[in-house]
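**Q** The sequence shown maps to residues 1 to 95 in the numbering used here.
Here it is, the structure in full.
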Amino acid sequence: MQLNLTGRHVEITDPLRDYVTNKFAKLERHFDHINNVHVILDIEKLVQKAEATLHVTGGELFATSEHQDMYAAIDGLIDKLDRQVIKHKEKLSRH
1 MQLNLTGRHV EITDPLRDYV TNKFAKLERH FDHINNVHVI LDIEKLVQKA
51 EATLHVTGGE LFATSEHQDM YAAIDGLIDK LDRQVIKHKE KLSRH
């Protein structure tokens with residue numbers, strides 16, 4: 001899995017990069033056909049925003065999450081993507 005991390009109005013520190021990498025590693029345990037991930041971390045005034053596009057076998061998944069804390073926004077993003085990945089995996093197994 002290739003992980004691209006982009007920061008808009010936020011500096012991507014090593015702890016932040018490690019946190020995102022560890023979270024996506026957990027996501028990869030559920031579904032190992034994740035080819036490429038593009039994560040964008042953004043700060044708009046008081047809102048911390050995390051969004052990601054996953055290129056998976058058989059399609060593309062997108063989710064976004066907002067919170068006052070960046071780490072909480074990343075957690076919310078992973079939760080949403082986790083549900084989408086499980087749904088996508090079930091859809092593939094039906095065929």
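Note that CB positions come from ideal geometry on N, CA and C, so glycine has one too.
Note that the structure is a prediction, hence the values are computed from the model and not measured.
1. Pop quiz: Leu41 and Ala63 are said to be a contact at Cβ under 8 Å. What is the actual Cβ separation, rounded to whole angstroms?
2. Going by the DSSP bridge assignment, what does Asp42 pair with across the sheet?
3. Please return the same chain residues whose Cβ sits closer than 6 Å to the Cβ of Leu92, not counting the five positions on each side in sequence.
4. How many Å lie between Leu16 and Tyr71 at the Cα?
5. Less than 8 Å separating the beta-carbons of Asp82 and His30?
6. For His67 and Gln48, which I take to be in contact (beta-carbon distance under 8 Å), what is that distance rounded to the nearest angstrom?
**A** Looking at the coordinates:
1. Within the sequence shown, the letter at position 41 stands for residue 41. Within the sequence shown, the letter at position 63 stands for residue 63. With a Cβ gap of about 13 Å, Leu41 and Ala63 do not count as contacting.
2. As a working note, residue 42 is residue 42 in the sequence shown. According to DSSP, which records beta bridges pairwise, Asp42 is partnered with Arg8 and Lys49.
3. As a working note, residue 92 is residue 92 in the sequence shown. Correct list, in chain order: Gly58.
4. Working through the sequence shown from its first residue, we reach residue 16 at position 16. Working through the sequence shown from its first residue, we reach residue 71 at position 71. Approximately 8 Å, taken between the alpha carbons.
5. On the sequence shown, residue 82 is found 82 positions in, with the first residue counted as 1. On the sequence shown, residue 30 is found 30 positions in, with the first residue counted as 1. Yes, the Cβ-Cβ distance between Asp82 and His30 is below 8 Å.
6. To locate residue 67, count along the sequence shown from 1; it is residue 67. To locate residue 48, count along the sequence shown from 1; it is residue 48. Rounded, the Cβ-Cβ distance is 6 Å, consistent with contact.
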